[in-house]
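Number of protein chains: 2
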Amino acid sequence: MATRRRADDTRPAATQPAARVGGGLEALGAPGVREAAGGGPARLDAVLRPVRAGNGFEEALEQILQLLRLGLVPPGGRLPAERELAQQLRISRVTLREVLKVLQDQHMVESRRGRYGGTFVLPRAFAPDGSDELARRVAVVDVEDTLRFREVLEAGAAGLCAEGLTGEGGGRLRAALSATRGARLEDYRRQDTLLHLTLAELSGSRSLAAQYAGVRATLNELLDCIPLLVRNLEHSQHQHAAVVEAVLDRDADAAREMMREHCGGTAALLRGFLS
Amino acid sequence: MATRRRADDTRPAATQPAARVGGGLEALGAPGVREAAGGGPARLDAVLRPVRAGNGFEEALEQILQLLRLGLVPPGGRLPAERELAQQLRISRVTLREVLKVLQDQHMVESRRGRYGGTFVLPRAFAPDGSDELARRVAVVDVEDTLRFREVLEAGAAGLCAEGLTGEGGGRLRAALSATRGARLEDYRRQDTLLHLTLAELSGSRSLAAQYAGVRATLNELLDCIPLLVRNLEHSQHQHAAVVEAVLDRDADAAREMMREHCGGTAALLRGFLS
DNA sequence: GGCATAAGGTATGACGGAGAACCATTGCTT
DNA sequence: AAGCAATGGTTCTCCGTCATACCTTATGCC
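Note that the protein sequences, when read in sequence, are chains Y and V. Following my numbering, the numbering of the first sequence begins with 1 at its first residue and continues without gaps. Following my numbering, the numbering of the second sequence begins with 1001 at its first residue and continues without gaps.
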């Protein structure tokens, strides 16, 4: 009785260790199962991803980190009030405060009480430049996935943007472009990000904009580990101008093409630092 | 004391009704806040989406519905065992069973006990054809977003696919294409979906594949409400062949272009039924 | 026929997180 | 100087969910 390992519940992973990610569902072909029509080669993995990436705390942390990494709230800027932020993220204020506590401990934000108080972003003590840090992050992030997905989203956004540009959109785009020109070196990444986010937003697809925000945050995390060369920056600026020009000209094909080239540059740079 | 409405907690929405979606964050410009650098026009909405779309139950339900809508588990097919499925979705078996209970009540799946038992997909009692149903779904789904995002993902996938195609990939693609040719009318949508999913998967970006799966599930939900015309189907088939051919030829530009055209067709069809 | 096995069905205790109410602090307005 | 309002800080309770264990049913194999 004691030695017998019962076919216990809720942990088949113990008996079939690596069956989850790579293998999946061979049992679908078990005898007695009528396989109607075709039996597709497509895997279920794409859909059967975890409903929640972690606990609510971790997901919220990740999302607020995105906010900071994208520079949507600049150093010195204020995050939304706790009550509002909690509501937007659909988490309780208690949980949110645990997240903010972590960020405070990391000296990334600072809280001030009283009216017109709030949670303020501190001038980045984060972003520790260094290639060992890059290696650490590459271990977590699927770089190829990030780069490819980014290119698809950016090119698509540029194309859509060119097709359905409004007058107001054109104005915002021009403003964002000129902001990158006037940016000091330490603020360049932020302005660059904002320009691209503007493009994504003007694509007219909320899903696209949201996905781009996510992938760009990941990208920034990687880019923060490599030096910002003035040479690259100038090249980048020319490409930005060309993309915006194509969009304003309603030339979708050119916009997509230019954007792909632009993304290819960043991708090559990053891949260079990885090899 | 009794009449005084205290500035209560956790529901600022009551005092500022519509401030969440449209407005957001004007308070960022409040006095006393030093706005470093630029003050971007970009909104925080893209990042500050809910950490969880609903409770775990709802999200899991949505995900399993995706599985069915994509036809990844065909009618008559078996879902993964409860223990396994729960683990993949990272929810408890109890919660998962609540989800399955709902699907059983809707006569979408059926559970059988005993060895080689499981949860089986019933031949669609769902997909209630009819334009009033379409109207109901359009009220929930942002159709423009879906169509645009889809086009971007599909075109991007086709391009990436053409650039980095392996021999095995080519084989899978050819197989998926020929499966659409041999499909009976009631199975066509499923084979069509599988072909596109294969392309997305072969793009080499897991994120892209996952996002496509989601958007395609939404799209299928809409398409199930409109009739499947043989005329459109034949046209579709020619385009499929052209896309696959371009991919096999490693002609990324042509693949993207053809795919955009293909998506444009579906989009026009759907928009037609909506106007 | 009997047993092992794999699947669904059921019950329970513990815990994380949501929601609500309250307190404490600050600065603007009067 | 007083009051108000908006913010962060704290505490409480309750519900959903998880983990675990066990029961029941059906099938294949010996």
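No residue lacks a Cβ here, since even glycine has one placed at the ideal position from N, Cα and C. It should be emphasised that the depicted structure is a prediction, and the values quoted were computed from it without experimental measurement.
| query | result |
| --- | --- |
| Beta-carbon proximity list for Gly1170/V, same chain, < 6 Å, skipping 5 on both sides | Leu1248 |
| Cα-Cα separation, Pro1055/V to Ala1086/V | The question names Pro, but residue 1055/V is Asn in the sequence shown. Those two C-alpha atoms are separated by around 15 Å. |
| Closest Cα partner of Gln66/Y within the set Leu1044/V, Leu1195/V and Asp1132/V | Leu1044/V |
| Helix, strand or coil at Ser178/Y according to DSSP, with G and I counted as helix | helix |
| Contact with chain Y by Leu1111/V, beta-carbon distance below 8 Å | Leu is not the amino acid found at residue 1111/V; the sequence shown has Ser there. So, not an interface residue. |
| Sheet register partners of Val121/Y (DSSP bridge) | Val109/Y |
| Interfacial residues, the region 1129-1161 of chain V to chain Y, with Cβ spacing under 8 Å | Asp1142, Glu1144, Asp1145, Thr1146, Arg1148, Phe1149, Glu1151, Val1152, Leu1153, Ala1155, Gly1156, Ala1157, Gly1159 and Leu1160 |
| Contact list for Ser205/Y against chain V, beta-carbon separation under 8 Å | Glu1144, Asp1145, Arg1148, Phe1149 and Val1152 |
| Contacts around Gly164/Y, its chain only, beta-carbon distance under 6 Å, and the 5 residues preceding and following it disregarded | Gly204 |
| Any chain V beta carbon closer than 8 Å to Tyr47/Y | Per the sequence shown, the amino acid found at residue 47/Y is Val instead of Tyr. So, interface residue. |
| Inter-stretch contact at 8 Å, needing at least 3 Cβ pairs: the region 1170-1179 of chain V / the region 1113-1120 of chain V | no |
| Test item: CB-CB of Arg190/Y and Cys263/Y under 8 Å | no |
| Any beta strand (DSSP E) of 3 or more consecutive residues that is wholly inside the region 207-264 of chain Y | none |
| Rounded separation between Leu48/Y and Arg1083/V - CA only | 13 Å |
| Buried versus exposed call for Gly182/Y [16 or more other C-beta atoms within 10 Å across all chains shown] | exposed |
| Contacts of Arg1090/V in chain Y (Cβ-Cβ under 7 Å) | Pro50, Val51 and Arg52 |
| Asn220/Y to Leu1222/V span [Cα, whole Å] | 36 Å |
| Backbone CA spacing between Ala1200/V and Gly117/Y [nearest angstrom] | 47 Å |
| Close-in-space but distant-in-sequence residues of the same chain around Val277/Y (CB under 7 Å, 5 per side omitted) | Residue 277/Y lies beyond the range of chain Y shown here (1 to 275); nothing can be said about it. |
| Below-8 Å beta-carbon distance, Leu1222/V vs any chain Y residue | no |
| Within 8 Å, strictly: CB atoms of Leu185/Y and Leu228/Y | yes |
| For Arg137/Y, three-class secondary structure by DSSP | helix |
| Gln211/Y and Gln1211/V closer than 8 Å at C-beta | yes |
| Local Cβ density within 10 Å of Asp105/Y, reported as buried at 16 or more and exposed below that | exposed |
| Whether His196/Y touches Glu168/Y by CB criterion (8 Å) | no |
| Any C-beta of chain V under 8 Å from that of Gln237/Y | no |
| Burial state of Asp1224/V, where buried means 16 or more other Cβ atoms lie within 10 Å | buried |
| Within-8 Å CB hit, Ala1255/V to chain Y | no |
| Within 8 Å, strictly: CB atoms of Asp251/Y and Ala162/Y | yes |
| Reference Ala1268/V; option with closest CA among Leu1194/V, Ala1246/V and Val1143/V | Val1143/V |
| Neighbourhood of Ala1246/V by C-beta distance below 7 Å, restricted to the same chain and skipping five residues each side | Ala1162, Ala1254, Ala1255 and Met1258 |
| DSSP three-state assignment for Arg1189/V, whether helix, strand or coil | helix |
| Arg1231/V burial status per 10 Å Cβ neighbour count (16 or more: buried) | exposed |
| Member of Leu194/Y, Arg97/Y and Leu208/Y whose CA lies at the smallest distance from the CA of Arg172/Y | Leu194/Y |
| Arg216/Y versus Gly1076/V: straight-line alpha-carbon distance, rounded | 42 Å |
| Where Arg43/Y sits in the DSSP three-state scheme | coil |
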